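Everything below concerns the one structure shown next.
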Amino acid sequence: MTILFLFVLLFLLMFIGVPIAVSLGLAGSMTIMLFSPDSVRSLAIKLFETSEHYTLLAIPFFLLSGAFMTTGGVAKRLIDFANACVGHIRGGLAISAVLACMLFAALSGSSPATVAAVGSIAIAGMVRSGYPQAFGAGIVCNAGTLGILIPPSIVMVVYAAATEQSVGKLFMAGVVPGLLLGLALMVAIYVVARKMNLPAMPRASLRELIATGRKAIWGLLLMVIILGGIYSGMFTPTEAAAVAAVYAGFVALFVYKDMTIRECPKVLLESGKLSIMLMFIIANAMLFAHVLTTEQIPQTITAWVIEMGLQPWQFLLVVNIVLLVAGAFMEPSAIILILAPILFPIAIQLGIDPIHLGIIMVVNMEIGLITPPVGLNLFVTSAVTGMPLTSVIRAAWPWLMLLLSFLLVITYIPAVSMALPNWLGMS
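Numbering (full-length UniProt numbering), first residue to last: 1 to 427.
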């Protein structure tokens, strides 16, 4: 009865258009008031207690770092460097857009931020060089999803907080899948570019390559600071996020000088708004997850799944279907916080590595970002290009098939995710 009430109320509120954060909070609160011995006064305490997680402190810092990098012109320098590296290949501008998305993903931790930063420059450049606008929009919309797979990743931080897993291990597990997906997109672009006879840029000289690399190096150093600092034990992921924010601000203000001190309050305000919005969703989702835990819902579902005799591969297939459907309607952080406490104990019982499960969930969230009706990347691409949303969906659809194929590889070949953490002795 409690499970039925909780989920029916949640989906009813979402169906009538109540924002996801409010829907989660109201469903959790009503369930506590009607079915739990906890007093109503405990709701306020629970709301703060559940979101008072040290790991989650990394989120506002990564958002601030991404804001400085986006505003500070780092994206343009990364695109120039990517063009110098691969622009001479057939379809090179599109391939360099993917490479730029991969590099920017290693700085921002957010997919919509990656699409906004790279797309605003790369798509216009592709159109000027004779590429169809829809082709460029579809590429950047899909490649932008790497923002949450290549570390640092805000979604990975949320998963780590929900399941008490190591953020550092999750970050390392995302490196190989992120590089593989980027490479797969590049190969697919090259094949399509050959068929469509898309233009190639003149090969950059060694001097141009070094010059663009020198300009981009300050941005590229950020990923070395984040991942190197975490793996070396110099600082925790949360401390790494704080260092990244300070470094990004320093580079934007004093190295590249694309920003002035006067513009700082605006950047702080914008990243603060994003942080508040995301943390409000997380706080309400944590309250919802708390209700799941106190009512023994994950344990009940785990026992039910074990009794059904599902094999690990069958369970993972069900997980993917559920996550793909949820991803089409909900924000990634909320999905992680609702479903991770349910899926995590089942995965442990079936012998599935929790880090592997985390990467599977992140790849599903990537696909959700380009799936209508709520795919954030679709809306950002539409805003950046001025194309109607329906045109962006059509442009992104062929590349979405590639992501679905990649999801199957990640799901059923755990070594892809676990190779680097195992090699580094983090298991």
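No residue lacks a Cβ here, since even glycine has one placed at the ideal position from N, Cα and C.
All values derive from a computational prediction rather than experimental measurement.
The way I'd put it, the stretch 120 to 129 doesn't touch the stretch 210 to 226; fewer than three beta-carbon pairs between them come closer than 8 Å. Straight through space, the alpha carbons of residue 139 and residue 403 are spaced by roughly 12 Å.
Judged by pairs of C-beta atoms under 8 Å, the stretch 40 to 54 does not touch the stretch 306 to 321, as fewer than three such pairs exist. Nearest C-alpha to residue 278 among 337, 409, 232 and 238: 337. Our two residues, residue 66 and residue 421, have alpha carbons roughly 26 Å apart in a direct line.
Residue 290: member of the alpha helix (DSSP H) spanning 264 to 294, first to last residue. Contact check for residue 261 against residue 269 fails: the beta carbons are separated by 8 Å or more.
Exclusion of the five residues before and after residue 74 leaves 219 as the residues of its chain whose Cβ lies within less than 6 Å of its Cβ.
A Cβ-Cβ separation of about 7 Å places residue 147 in contact with residue 109 under the 8 Å criterion. Rounded to whole angstroms, the gap between the alpha carbons of residue 401 and residue 184 is 12 Å.
Short of 8 Å from the beta carbon of residue 356, and not among the five residues preceding or following it, lie these beta carbons of its own chain, in chain order: 173, 414, 417 and 418.
Here residue 214 is exposed, its C-beta having fewer than 16 other C-beta atoms within 10 Å. DSSP places residue 257 outside any alpha helix (DSSP H), giving it a letter other than H or E.
Residue 386 and residue 327 have their alpha carbons spaced roughly 24 Å apart.
The alpha-carbon of residue 142 is positioned some 25 Å away from that of residue 160. With a minimum length of 4 residues, the unbroken runs of alpha helix (DSSP H) contained wholly in the stretch 20 to 66 fall at 20 to 35 and 42 to 51.
Proximity of the stretch 339 to 346 to the stretch 315 to 324 meets the contact definition, three or more beta-carbon pairs being nearer than 8 Å. Annotation: residue 155 to residue 15 spans about 25 Å, alpha carbon to alpha carbon. Counting C-beta atoms within 10 angstroms of its own C-beta, residue 33 has fewer than 16 neighbours from the protein chains shown and is therefore classed as exposed. For the pair residue 251 and residue 107, the Cα-to-Cα distance works out to about 13 Å. With a threshold of 16 other beta carbon atoms within 10 Å, residue 194 falls short and is exposed.
The three-state secondary structure of residue 203, taken from DSSP, is coil.
For residue 284, the closest of 2, 12 and 19 by C-alpha to C-alpha distance is 19.
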